[in-house]
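Written out below as structure tokens is the structure these notes cover.
In the numbering used here, the protein residues as written are 7 to 246.
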């Protein structure tokens with residue numbers, strides 16, 4: 007089944023819908039009928055299409071006008087699409103019942119939108135004359151809504167008189183708002199930059215290094231021992 011894309015997807019509570027798919031009627035005639043009934047009251051649209059079925063009234067054609075004859079009443083090109091008109095009457099009655107189930111007033115229903123789209127074509131076996139081997143079909147969608155009732159000048163005056171109420175003047179002493187004490191404005195003095203005396207950097211006095219004085223010990227003097235005189239006996243032995 008082909009899905010129908012209805013208009014007004016966000017206002018489901020304010021409208022009622024009806025549609026059909028794969029209708030074996032002319033798509034071009036359906037487009038012209040959709041333009042013809044758009045904006046009419048539902049009851050008025052049903053009456054007009056019934057006159058089309060009985061050929062008392064023609065549907066004005068605006069788009070598909072090739073080789074179309076003009077009709078009486080200064081309407082220009084027009085035709086009597088009987089088959090398409092019968093299917094539209096069924097859908098209008100169906101959408102009227104749907105609106106009544108939602109609680110809408112049937113007398114105030116207006117055709118908000120009607121559209122016809124080309125559907126797929128079906129193939130038939132065997133030879134067919136006038137191109138009937140591939141038969142075309144149409145999808146139809148109808149949306150209705152309640153028409154707003156315009157108030158008359160007398161009704162508007164009544165509602166305005168009811169809405170206007172006498173103003174009640176309060177006799178209470180109005181307390182004056184507390185005054186906030188204003189702070190004195192203090193003038194900003196310009197900043198004076200004093201030139202500071204440049205102080206010379208302190209010189210660090212190096213302390214003399216302490217020299218370690220080592221006790222110099224005098225070298226020990228060796229005391230020579232006195233030579234002892236040799237005895238004469240030893241001298242004689244030495245000579246020998």
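Glycine residues also receive a C-beta, built at the ideal position from the N, C-alpha and C atoms.
Leaving out the 5 sequence neighbours to the left and right, which residues in its chain are closer than 7 Å to residue i when beta-carbon positions are compared?
{"i": "residue 70", "result": "34 and 38"}
{"i": "residue 61", "result": "86"}
{"i": "residue 89", "result": "31"}
In whole angstroms, give me the CA-to-CA distance for residue i and residue j.
{"i": "residue 81", "j": "residue 58", "result": "14 Å"}
{"i": "residue 26", "j": "residue 164", "result": "47 Å"}
{"i": "residue 111", "j": "residue 19", "result": "14 Å"}
{"i": "residue 145", "j": "residue 160", "result": "46 Å"}
{"i": "residue 101", "j": "residue 36", "result": "17 Å"}
{"i": "residue 121", "j": "residue 151", "result": "15 Å"}
{"i": "residue 7", "j": "residue 126", "result": "Low per-residue confidence applies at residue 7: pLDDT is 46, beneath 50, and the placement is therefore not dependable enough to give any value."}
{"i": "residue 40", "j": "residue 166", "result": "41 Å"}
{"i": "residue 54", "j": "residue 168", "result": "43 Å"}
{"i": "residue 119", "j": "residue 17", "result": "13 Å"}
Can you tell me where the alpha helix (DSSP H) holding residue i begins and where it ends?
{"i": "residue 63", "result": "Per DSSP, residue 63 belongs to no alpha helix (DSSP H) and is neither H nor E."}
{"i": "residue 17", "result": "It is not in any alpha helix (DSSP H) - residue 17 carries neither H nor E in the DSSP assignment."}
{"i": "residue 41", "result": "33 to 43"}
{"i": "residue 95", "result": "88 to 107"}
{"i": "residue 168", "result": "159 to 169"}
Nearest to residue i by CA position, among the options, is which residue?
{"i": "residue 114", "options": "89, 168 and 155", "result": "155"}
{"i": "residue 142", "options": "17, 24, 30 and 100", "result": "30"}
{"i": "residue 56", "options": "147, 124, 96 and 123", "result": "96"}
{"i": "residue 108", "options": "21, 92 and 128", "result": "21"}
{"i": "residue 103", "options": "124, 79 and 148", "result": "148"}
{"i": "residue 117", "options": "68, 24, 125 and 43", "result": "43"}
So residue i and residue j are supposed to be a Cβ contact under 8 Å. How far apart are they, rounded?
{"i": "residue 84", "j": "residue 66", "result": "5 Å"}
{"i": "residue 247", "j": "residue 51", "result": "Here the chain covers residues 7 to 246 and nothing more, so residue 247 does not appear."}
{"i": "residue 77", "j": "residue 64", "result": "4 Å"}
First and last residue of the beta strand (DSSP E) that includes residue i?
{"i": "residue 144", "result": "144 to 152"}
{"i": "residue 122", "result": "115 to 124"}
{"i": "residue 85", "result": "82 to 85"}
Quick one: what's got a C-beta closer than 8 Å to residue i's C-beta in the same chain, skipping five residues either side?
{"i": "residue 129", "result": "139 and 140"}
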